[in-house]
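Report on the structure given below.
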Amino acid sequence: MAPWPKLVFLMVFAVFIALLGIGTFSAAASPSLITTFSVSPKTALPNESVTLLGTGFTPSTTAGGAGAFGSHQITGNGNSVVVVGGTPLVSPNAVYPINFDIEGNWTASIIIPITATVLAGGTVIITVRDDQGLFKTTQVSISRPRITLDPESSRINTELTVSGKDFPVSNPASATGNQVAISYAGTLVKLVPGDFSGDFTVTLPVPIGTATGSNNVVSAQVVGFEQSATAIHEVPAPTIIVSPINGVPGTVVGITGTGFPPNVLVTNTRASNTNVTSSPPPATDDDGKFVTFFSMPVFSPGVQIITATGGDVTAVAVFTVLEGEPVVQALPTPSPSSMPTEALKALTEGENLVRVWSFDNSLKTWGFFDPRPAFAHANTIETMVPGRIYWLRLNRVQSAPLNGKVVLLVVGWNLVRW
């Protein structure tokens, strides 16, 4: 009977050893952590750096790892890459290999690529796959670029500020440019980069050739892509105000115009079908404003249409002719300014005028005018004298109102009789 206890002991011991073996095999074959994958921050912009965090990917207990102590990696070869919005990342947007620790945990910094999918904004999927084919996905929210205008309505040749937000950021770690093309009514105006926050502010002139009374698309487009942020800028229609708004025939009527093209002659002013344009005709200033006067013709009592046309645009107002005997009133006759700074303002505002020379035959002396501030006290032309000859040097071709008439000037020297 003595051998039985010994036999039972040996059997129990064998089962114990077998159980130990089973436990050791299980621990080596499966990861000890649940596989997770996340991105921080969860909201980002194109070209911005974000951090990826993975846990529970393939551990070193699985053979084949090329990292330290047999740890595994995202290698950057084949399918073992980081993919953002369907685009596999390459350097410098991702630096491979991405090494795991022995338990399959890892972290890495990537740069969100500038692609059409990313620029479209919304939810963008990020996928990672390790060297054993284990993959996981997460998502990042991308803000869509947008712009605002200040002001939203203004005249031509005035300053317009375009502010952009959520454009590709400036990132010194990225090799991708983040230039944004600013266009007005389809014409490229400026190139500007986004800053470290993906924002920009740029000031541009409302183009002189823009039609009054028009709505125009201002767009900000990331260079190299079709996506763009847009806003509408209004160039208001010209207006005229008459003062007084009623009176008997012969009443002197003042017209104040705004919103016209700058530096053009108002060549056609009418009361009904009667031409009442002053001589010389008024010219608009740099802001598209003008003032002129006329005597109301003899009309029957009632409402008459007043129109003013300058630069191919027309504004309309009304005047009520009252019943009564015609009156005779003197018209104000403001003469054009004779000071060079005012008389040549249409040329100096755009920095087109270089210099003016004139010869005074009675004194046998030359005089000059240079619009640069440094010459303010050196200039010898103090007034523009009607009938005198002036030499004007320009940087570019321009039509300008000079002493009540429009003159076409060319590049270089121009001989002009004032």
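Convert by adding 91 to the 1-based position in the sequence shown; the result is the number in this note's numbering. All C-beta atoms, glycine included, are put in the ideal place defined by N, C-alpha and C. None of these values were measured; they are calculated from a predicted model.
At what residues does the alpha helix (DSSP H) containing T439 begin and finish?
Counting along the chain, the alpha helix (DSSP H) containing T439 begins and ends at 436-439.
Smallest Cα separation from V419: which of M387, L413, A437?
Closest by alpha carbon: M387.
Are the region 352-365 and the region 389-403 touching by the rule of at least three beta carbon pairs closer than 8 Å?
They touch, by the three-pair rule.
Is I233 near the ligand MG, going by C-beta to nearest heavy atom under 8 Å?
Ligands displayed in this structure: none; no statement on the ligand MG is therefore possible.
Going by C-alpha to C-alpha distance, which of T152, A406, N443, Y481 sits closest to I332?
Of T152, A406, N443, Y481, the residue nearest in Cα terms is A406.
Count the other CB atoms, across all protein chains shown, that sit within 10 Å of the CB of W197; report buried if there are 16 or more and exposed otherwise.
By the neighbour-count rule (16 or more Cβ atoms within 10 Å), W197 is buried.
In angstroms, rounded to a whole number, what distance separates the CA positions of A512 and V283?
Since the displayed the chain opens at 92 and closes at 509, residue 512 lies outside it and no answer follows.
From K380 to T349, what distance separates their C-alpha atoms?
Approximately 4 Å between the Cα atoms of the pair.
Hey, V344 and F287: beta-carbon distance below 9 Å or not?
No, the pair does not count as a contact, with Cβ atoms beyond the cut-off.
Can you list, in chain order, the residues of its chain with a C-beta nearer than 7 Å to that of V445? Leave out the 5 residues immediately preceding and following it.
Around V445: R484, L485, N486.
Can you list, in chain order, the residues of its chain with a C-beta nearer than 6 Å to that of A276? Leave out the 5 residues immediately preceding and following it.
Here the set comprises N307.
If you draw a straight line from the alpha carbon of T218 to that of R237, how long is it in whole angstroms?
Each residue's alpha carbon lies about 28 Å from the other.
Helix or strand or just coil, what does DSSP make of A465?
Helix.
If you drop the 5 nearest sequence neighbours on each side, which residues of the same chain put their C-beta closer than 6 Å to that of I205?
Contacts found: P137, N138, P259, T267.
Does DSSP classify P431 as helix, strand or coil?
Looking at P431 - three-state DSSP - the assignment turns out to be helix.
Please confirm whether K227 has its beta-carbon closer than 9 Å to some beta-carbon of chain B.
Absent from the structure: chain B. Only one protein chain is present.
Does the Cβ of T303 have 16 or more other Cβ atoms within 10 Å, making it buried, or fewer, making it exposed?
T303 should be labelled buried.
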